[in-house]
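To keep things clear, I will list the structure first and then write my remarks on it.
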Amino acid sequence: MVFPDGGILALLPEAEEASVPALQAACSASGLSLAGGIVPALIVDGEFRTDGAWLLGFGRMPPCALHEDLPTDQGGAERLVDGIAEELRESLREESEKTLFLLFDAMVPNVGTYLDHLYLRLANRVRYSGSNVGSETFLPRACLFDNERFVRNGLLIMLLDNRFGANLEHGYRVSDRTVYATAAKGNRIDQIEWRPAFDVYKEMVRDRFGTEITAENFYRYAVHFPFGILRANHHAVVRIPVSLSEDESLVCVGEIPENSLLALLEAPAADSEETVDRLEEGVLCGGAPESDQLMFYCAGRRMHFGSGAAESEIRRYADRFPSGRIAGALSLGEIGGSTIHGYPLFHNACISSMIWDAE
644 MVFPDGGILA
654 LLPEAEEASV
664 PALQAACSAS
674 GLSLAGGIVP
684 ALIVDGEFRT
694 DGAWLLGFGR
704 MPPCALHEDL
714 PTDQGGAERL
724 VDGIAEELRE
734 SLREESEKTL
744 FLLFDAMVPN
754 VGTYLDHLYL
764 RLANRVRYSG
774 SNVGSETFLP
784 RACLFDNERF
794 VRNGLLIMLL
804 DNRFGANLEH
814 GYRVSDRTVY
824 ATAAKGNRID
834 QIEWRPAFDV
844 YKEMVRDRFG
854 TEITAENFYR
864 YAVHFPFGIL
874 RANHHAVVRI
884 PVSLSEDESL
894 VCVGEIPENS
904 LLALLEAPAA
914 DSEETVDRLE
924 EGVLCGGAPE
934 SDQLMFYCAG
944 RRMHFGSGAA
954 ESEIRRYADR
964 FPSGRIAGAL
974 SLGEIGGSTI
984 HGYPLFHNAC
994 ISSMIWDAE
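Letter by letter, the sequence shown follows residues 644 to 1002 of our numbering.
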């Protein structure tokens, strides 16, 4: 059977990445357009799974493009976004609500820069949602694909009709002490308050939480003590330190603008209902409770809570929507608007969900 206008958004766990060529061949043989990404794990019936695939179908494939070898310099990023905006120009003339769905390779160091440029070109003509994909090891590997290509350092874009965008929540609370990132570039913090960043970070964690962080235990402990970039609206954009560079700069998932105001964040209790309550409230603004949803759950959040508590949080949320199904994946950073039709933000440690009814 051939489906000349149809298409699939596919999410495959890392363990199934060898299946991508077979999926590409099957879709091409059936006349289906294919777009997708590799994720650390899937969310199926409230559990994390490392087998199988989510195949989200479209009767008519929406406008979609896969860009590889993303430039990291400012000029190159601007030129790429200019081209994307031009490609979408005709589709954006239609009057229906649009959501720009974005999947970035988690190794792209300037996701926030791309979101800034996209908003400058598209503003609130679209809502924004998406995720970082790739390996939870944060090692470079191919993680985005279409019918013919399987690439790394890329960006997959889909322009979706009649979607409300993504609602994001993290529930983290800001601690009292604030500091400035006095030297930062991309996703790296070199200095805090003009001192080596790691020295200040260790001091802040020890003083606030009583935990001693060293270079040896950094990866194990830092996920529990993220920074928040404090915004003018008092919201905190979460940044999880994931590694130390050779000069002991802090490397985070997501950019940290120089001179950002930072504070350590304290995670909610594992059984807290606050995050689930707020996520439910936001999602219901965009659809009926019986609607299906697409969820992304941050891998760093799972590391902090542990798999069992993370699955419990997902199930508590899903229980509020007994008539709809939730397809989902573990993510390496989450994208959503700060408000309805608002500025797109790149977060860590979030749960993101959006209405995803069949088209």
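Here a beta-carbon is modelled for each residue, glycine too, at the ideal position from N, C-alpha and C.
First through last residue of the alpha helix (DSSP H) which encompasses residue i
i: Val-896; result: Unbroken run through Val-896: none, as it is neither H nor E.
i: Met-847; result: 840 to 852
i: Pro-664; result: 663 to 672
i: Arg-863; result: 861 to 865
Whole-Å CB distance - residue i paired with residue j, under 8 Å assumed
i: Ala-952; j: Ala-913; result: 4 Å
i: Val-776; j: Gly-680; result: 4 Å
i: Ala-910; j: His-947; result: 6 Å
i: Ile-994; j: Met-938; result: 7 Å
i: His-990; j: Gly-976; result: 7 Å
Contact set for residue i: own chain, Cβ-Cβ below 6 Å, skip 5 residues either direction
i: Val-687; result: none
i: Cys-707; result: Ala-678 and Met-801
i: Asp-648; result: Arg-703
i: Val-663; result: Phe-788 and Phe-793
i: Phe-964; result: Pro-932
Other residues of its chain near residue i: CB distance less than 8 Å, five sequence neighbours each side excluded
i: Arg-722; result: Pro-714
i: Arg-959; result: Glu-916 and Val-919
i: Thr-756; result: Gln-717, Ala-720 and Glu-898
i: Gly-861; result: Looking at the sequence provided, one finds Phe at residue 861 rather than Gly. Around Phe-861: Pro-884, Ser-886 and Leu-887.
Limits of the unbroken beta strand (DSSP E) element including residue i
i: Ala-951; result: At residue 951 the sequence reads Gly, which differs from the Ala that was named. Not the beta strand (DSSP E): Gly-951 falls in the alpha helix (DSSP H), residues 950 to 961.
i: Cys-707; result: 707 to 710
i: Ser-676; result: 676 to 682
i: Ile-832; result: 831 to 835
i: His-760; result: No beta strand (DSSP E) contains His-760, which is instead part of the alpha helix (DSSP H) from 754 to 765.
i: Tyr-1026; result: This structure cannot settle anything about residue 1026, because the visible part of the chain is limited to 644 through 1002.
Rounded C-alpha distance that separates residue i from residue j
i: Arg-732; j: Asn-805; result: 17 Å
i: Met-644; j: Phe-701; result: Caution applies to Met-644, whose pLDDT of 47 falls short of 50 and renders its modelled position unreliable; the value that the coordinates give is listed next. Cα to Cα, the separation comes out at about 15 Å.
i: Ala-658; j: Ala-875; result: 41 Å
i: Val-866; j: Leu-758; result: 24 Å
i: Ser-772; j: Thr-821; result: 29 Å
i: Arg-851; j: Phe-841; result: 15 Å
i: Ser-676; j: Arg-764; result: 27 Å
i: Arg-703; j: Gly-674; result: 12 Å
i: Gly-689; j: Leu-743; result: 26 Å
i: Arg-770; j: Arg-849; result: 40 Å
i: Asp-1000; j: Gln-936; result: 7 Å
i: His-813; j: Ala-961; result: 17 Å
i: His-710; j: Thr-854; result: 42 Å
i: Asp-712; j: Gly-726; result: 15 Å
i: Ala-827; j: Asn-796; result: 22 Å
i: Asn-753; j: Phe-781; result: 15 Å
i: Leu-904; j: Ile-872; result: 6 Å
Nonlocal neighbours in the same chain, by C-beta distance under 7 Å from residue i, ignoring five residues either side
i: Tyr-940; result: Ile-686, Ala-953, Ile-957, Gly-971, Leu-973, Ser-974 and Ile-994
i: Asn-902; result: Tyr-823, Ala-824 and Thr-825
i: Ala-942; result: Pro-683, Glu-779, Leu-973, Ser-974 and Leu-975
Item to complete: Specify whether the stretch 647 to 654 and the stretch 684 to 699 touch according to this definition: at least 3 beta carbon pairs, one from each stretch, less than 8 Å apart.
Response: Yes: the two stretches touch, three or more of their Cβ pairs being nearer than 8 Å.
Discussion item. Taking contact to mean 3 or more Cβ pairs, one atom from each stretch, closer than 8 Å, check whether the stretch 887 to 907 and the stretch 832 to 848 are in contact.
Written reply: Touching, per the Cβ criterion.
Worksheet item: Using 8 Å as the threshold, is the stretch 742 to 750 in touch with the stretch 780 to 798, meaning 3 or more CB pairs across them?
Response: The stretch 742 to 750 makes contact with the stretch 780 to 798, as at least three CB pairs between them are under 8 Å.
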